[in-house]
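First the structure, in the form of structure tokens, and then the observations on it.
As structure tokens, this is what we get:
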């Protein structure tokens, strides 16, 4: 399965972030992200962003941070943030109610892509295959949602960065 759209938005009533993923095959997955989970997920996402070959090739920390910042801005500008999440009928393999996520794991692939595994305490989760562009865009969407949440969390790519303004039963579905 390939990712078609990602929506990351704060739900004030739930005091959680709703993650919605739609696929090109017509499926939709819905997950709740708690404050605690986001804190751990962010650390993982930053590590995954730092795994990029262009970042790793730099010899000093300041240059690595600069390359990461340039990549982040460049990829962020390529996304279409004005397009609304399509509310078309889709199959919901895990049901309509969002699942609370508690586990996340990142894994590097030799191909340059990375896999982000997201799972609840029990039951099915998903493995998202992300290229550098999609990883940066997902990170930005998460940062923006957290900024609206008033959770007193400052998700930064590295210290000194600026805050933006604005195992389970069966194999998980693969989103490529």
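Numbering (our numbering), first residue to last: 17 to 192. Heads up, the beta-carbon is just placed ideally off N, CA and C, and yes, glycines get one too.
Go ahead and label residue i buried or exposed: buried means 16 or more other beta carbons lie within 10 angstroms of its beta carbon, across all protein chains shown.
i, result
"residue 159", "buried"
"residue 127", "exposed"
"residue 197", "Residue 197 falls outside the range modelled here, since the chain spans only 17 to 192, and no answer is possible."
"residue 68", "buried"
"residue 105", "exposed"
"residue 155", "buried"
"residue 78", "exposed"
"residue 39", "buried"
"residue 87", "buried"
Please go through the same chain and pick out, in chain order, the residues whose beta-carbon is closer than 6 Å to the beta-carbon of residue i, but skip the five residues on each side of it.
i, result
"residue 147", "129"
"residue 134", "117, 120, 141, 142"
"residue 123", "131"
"residue 235", "Outside the displayed span of the chain (17 to 192) sits residue 235, for which this structure offers no information."
"residue 60", "120, 122"
"residue 80", "71, 74"
Report the three-state DSSP secondary structure of residue i (helix, strand or coil).
i, result
"residue 48", "strand"
"residue 127", "coil"
"residue 171", "coil"
"residue 90", "helix"
"residue 98", "coil"
"residue 120", "strand"
"residue 107", "strand"
Check the Cβ-Cβ distances between residue i and every residue of chain D, and say whether any is below 8 Å.
i, result
"residue 21", "The structure shown contains no chain D; it holds only a single protein chain."
Let me check you understand the geometry: is the CB of residue i closer than 7 Å to at least one non-hydrogen atom of the ligand GDP?
i, result
"residue 118", "The model depicted lacks the ligand GDP and carries no ligand whatsoever."
Over what stretch of residues does the beta strand (DSSP E) that includes residue i continue unbroken?
i, result
"residue 26", "19–27"
"residue 37", "32–39"
"residue 143", "142–146"
For residue i, which residues in the same chain have their Cβ closer than 7 Å to its Cβ, ignoring the five residues on either side in sequence?
i, result
"residue 95", "153"
"residue 32", "48, 49, 50"
"residue 90", "none"
"residue 149", "91, 94"
"residue 107", "42, 43"
"residue 136", "115, 116, 117, 118"
Mind reading off the beta-carbon distance from residue i to residue j? Whole number of angstroms is fine, and I expect it under 8 Å.
i, j, result
"residue 34", "residue 25", "6 Å"
"residue 157", "residue 22", "6 Å"
"residue 83", "residue 74", "6 Å"
"residue 172", "residue 162", "Actually they are not in contact, since the Cβ atoms of residue 172 and residue 162 sit about 11 Å apart, beyond 8 Å."
Residue range of the alpha helix (DSSP H) that residue i falls in?
i, result
"residue 74", "From DSSP, residue 74 is part of no alpha helix (DSSP H); its letter is neither H nor E."
Spatial neighbours of residue i within its chain, please: C-beta separation below 8 Å, excluding the five flanking residues on both sides.
i, result
"residue 101", "21, 23, 36, 38"
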